[in-house]
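*Asks:* Structure in structure tokens, see below.
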Amino acid sequence: MRLSRFFLPVLKETPADAQIVSHRLMLRAGMIRQQSAGIYSWLPLGFKVLKKIEQIVREEQNRAGAIELLMPTLQSADLWRESGRYDGYGKEMLRIVDRHERDLLYGPTNEEMITEIFRSYCRSYKDLPKNLYHIQWKFRDEIRPRFGVMRGREFLMKDAYSFDLDEAGARRAYNRMFVAYLNTFERMGLKAVPMRADTGPIGGDLSHEFIILAETGESEVFCDSALVDMGAPGLDVDFDGDLQPLVDARTSLYAATDEMHEAARFESEVPAERRLSARGIEVGHIFYFATKYSEPMKAVVTHPDGKDRPVHMGSYGVGVSRLLGAIIEAHHDEAGCIWPEEVAPFGVGIINLKTGDADTDAACAKAYDALTKAGKDPLLDDTDERPGGKFATMDLIGLPWQLVIGPRGLKEGKVEVKHRASGARHELSLEDAIARLAEGSLPRG
RNA sequence: CGGGGCGUAGCGCAGCCUGGUAGCGCAUCUGCUUUGGGAGCAGAGGGUCGCAAGUUCGAAUCUUGCCGCCCCGACCA
């Protein structure tokens, strides 16, 4: 993409309304525009990142055996009356009346609807297990939206729902999502720590929040630092195999948000040097809720013994739009965003220091074509802004690599490659720079 | 929903207390000079001062109501 043709409305000044760094940077980098409290338009740069995050989530769900579908944003109130949640959900559910005076709602979640779908088609134990998910916009009419996309009213969420014969099967489904989440967040450059969450009336140990650590996190968390250092299981995990050891290795270490924190246990279970007290952002939540919906909504299957029993369900959410904010909170500096390569809106930013200079323009065009062919999706700043402004914009939008090309360097046969995260610069010939960016072989430190 | 605050040009703000021709910086446009980390000079355009009533000869300014947004708290992916 050539910047002169792109739509990148960057702001030099910080908007007054934005309090936290991710919100400020998303506004300044021209990624989002607020349309109403907690409701945002996704401008091209932000939209590209959103789609990349969504795609990683999708790939890892698929790898773990979940099946994608798409349910509507609007739901009939009748479904929610069946589960008993219509009256219980409260004012954060947006209720709508259509022209026939029928009650609708803008879905805050989809347990009822997926249960309705499941029960309509699945009758036998032979249909199990199943895990169905979708990535769809949700609306929760939060009392006080804030922090930009981190706490919006409208948000993009991946929610998966598992259906199993019994609790043992549900646990296997739970473990698959547990592992898939670790891989998902690692691919985005995040260190996500699973923390035991409140299971509410269901009880048991099958509910975890996935928290990423960031100084500006919304809640205080406590964990064993070994958990943070452990890393994800990796993409070659066999999801058909026994995942329990992988899960146990993590759940056996102490990790809790402030609501679940037990100071005494923390101190007795975790050696002093590994006691990590930090702030975190919740980016995923998984839980097993047994027959909470299948029972009232009569989602039953016939077991081998010929008897009908309600299926055991779990649900697994990832805040896709929230992740943009979370990633920025985890990866930024004073100058702007620092995108991990997997989610960066463009792979390389090419800065033409003197647009209109024939040699520089030609060198930039050559780099642009070569990197485009190499699949690096470059963004070429071919505007006639001054160099200082171009550097500042490129740092702000946070592309992982910058290729700086100007007449002064070209005279000596050199261009400069800058690694955004480390600030490391390399002086290379144009050909070397192109080749090494194309193959990703430049040092990242 | 309780408490606090703010709505004046695209963005950031001053003016309001004490009513009298609507301002500043950035951005935008034109010209010239500049050009390796957010340039300089000269000029130009852009605002029914959130909306509506009221007080007044006269309202951005005072009064009332409404709307929107932000912050703190309780609540949440």
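Residues 41 to 485 (this note's numbering) are what the first sequence spells out, left to right.
Even glycine gets a Cβ: it sits at the ideal position worked out from N, Cα and C.
These figures come from a predicted structure and were not determined experimentally.
So which of VAL97, MET111, GLU151, SER265 has the shortest CA-CA distance to ARG315?
*Replies:* Looking at the Cα atoms, SER265 is the closest of the given residues.
*Asks:* Run the CB neighbour count on ALA200, radius 10 Å, all protein chains shown included, and call it buried at 16 or more, exposed below.
*Replies:* The residue is buried, with at least 16 neighbouring Cβ atoms inside 10 Å.
*Asks:* Please identify the residue among LEU436, ASP424, LEU253, THR297 whose C-alpha is closest to the C-alpha of ASP373.
*Replies:* Nearest C-alpha to ASP373: LEU436.
*Asks:* Please say whether PHE327 and MET354 have beta carbons closer to each other than 9 Å?
*Replies:* Here residue 354 is Gly; the residue named in the question, Met, does not match the sequence. Yes, they are a contact pair.
*Asks:* With three or more beta-carbon pairs closer than 8 Å as the criterion, would you say the segment 155-170 touches the segment 190-199?
*Replies:* Cβ pair count under 8 Å is below three, so no.
*Asks:* Count the C-beta pairs between the segment 354-373 and the segment 406-413 that are closer than 8 Å, then say yes if the count reaches three, no if not.
*Replies:* Judged by Cβ distances under 8 Å, the segment 354-373 makes no contact with the segment 406-413, as fewer than three pairs qualify.
*Asks:* Taking DSSP as the reference, what is the three-state secondary structure of HIS459?
*Replies:* HIS459 falls in the strand class under three-state DSSP.
*Asks:* Assign ILE183 to one of three DSSP states: helix, strand, or coil.
*Replies:* ILE183: coil per DSSP, three-state reduction.
*Asks:* For the alpha helix (DSSP H) that contains ILE96, what are its first and last residues?
*Replies:* Start and end: 84-103.
*Asks:* Go ahead and label TYR161 buried or exposed: buried means 16 or more other beta carbons lie within 10 angstroms of its beta carbon, across all protein chains shown.
*Replies:* Label assigned to TYR161: exposed.
*Asks:* Taking contact to mean at least 3 C-beta pairs separated by less than 8 Å, is the segment 379-396 in contact with the segment 424-434?
*Replies:* The segment 379-396, when compared against the segment 424-434, does touch it at the 8 Å Cβ threshold.
*Asks:* Within its chain, find whatever has a CB closer than 6 Å to the CB of SER44; leave out the 5 residues flanking it on each side and keep chain order.
*Replies:* Cβ within range, chain order: ASP422, THR423.
*Asks:* So LEU145 is in the beta strand (DSSP E); what residue range does that whole segment cover?
*Replies:* Looking at the DSSP string, the run of the beta strand (DSSP E) that includes LEU145 is 143-146.
*Asks:* Could you check whether VAL287 and VAL261 sit closer than 9 Å to each other, using their CB atoms as the reference points?
*Replies:* Cβ atoms of VAL261 and VAL287: not closer than 9 Å.
*Asks:* Got a sec? Which residues, its chain only, sit under 7 Å from ALA414 by beta carbon, not counting five neighbours each side?
*Replies:* If we look at ALA414 and ignore the five residues flanking it on each side, its Cβ neighbours are ALA478.
*Asks:* Of all the options PRO49, GLY271, HIS63, THR149, which has the alpha carbon lying nearest to the alpha carbon of TYR333?
*Replies:* That would be THR149, whose Cα lies nearest to the Cα of TYR333.
*Asks:* Thinking just about the alpha-carbon of each residue, which of THR291, SER259, GLY357 is nearest to the one in MET270?
*Replies:* The candidate whose alpha carbon is nearest that of MET270 is THR291.
*Asks:* Is it the case that the Cβ atoms of GLN176 and MET217 are separated by a distance below 9 Å?
*Replies:* No.
*Asks:* Output the distance between the C-alpha atoms of HIS343 and PRO440, rounded to the nearest integer angstrom.
*Replies:* C-alpha separation (whole angstroms): 53 Å.
*Asks:* Need the endpoints of the beta strand (DSSP E) that THR60 sits in, please.
*Replies:* In the sequence as presented, Thr is not what sits at residue 60; that position holds Ile. Careful: ILE60 lies outside any beta strand (DSSP E) and carries neither H nor E.
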